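Remarks on the structure that follows.
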Ligand code: SF4
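Spelled out as structure tokens, the structure:
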């Protein structure tokens, strides 16, 4: 999830100056259309696709791991907050030793 936010911010930091510079080269109405298209294609669409992939990848972890039932687990970030690590289907950071019910 952090990757999605990070790369969206990077793309935003690059896109805004590019759009701003473009304003002096094209007609204003065309500039608005281009700006909206660029914002959607470069910022919004990749973020939505990245989030959907993150959700798909997380679904199996949320459905079938021990961590999903632990009080130290943050479902939104798919993160063990006690160890600050991401569990997977094959990897439980504490090996089950520190599991506590919610
Ligand atoms: S403490 Fe152990 S069981 Fe609980 S979320 Fe972290 S790794 Fe998973």
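Numbering (our numbering), first residue to last: 26 to 127. Note that CB positions come from ideal geometry on N, CA and C, so glycine has one too. Bear in mind the structure is a predicted one, so any value in this text is a computation, not a measurement.
Identify which residue in the options has its Cα closest to the Cα of residue i.
i           : options           : result
residue 28  : 51, 73, 60        : 73
residue 100 : 56, 52, 79, 37    : 79
residue 103 : 116, 86, 115, 119 : 86
residue 34  : 71, 115, 118      : 71
residue 114 : 124, 54, 93       : 93
residue 69  : 116, 32, 50, 110  : 32
Under the assumption that residue i contacts residue j (Cβ atoms under 8 Å), give the Cβ distance between them as a whole number of angstroms.
i           : j          : result
residue 112 : residue 90 : 6 Å
residue 44  : residue 60 : 5 Å
residue 84  : residue 97 : The pair is not a contact, with the Cβ atoms about 20 Å apart (cut-off 8 Å).
Within a Cβ cutoff of 7 Å, which residues of the same chain sit near residue i, ignoring the five residues on either side of it in sequence?
i           : result
residue 121 : 91
Leaving out five residues on either side along the sequence, give the residues of the same chain with a beta carbon under 8 Å from the beta carbon of residue i.
i          : result
residue 16 : This structure gives no information on residue 16, because the portion of the chain shown stretches from 26 to 127.
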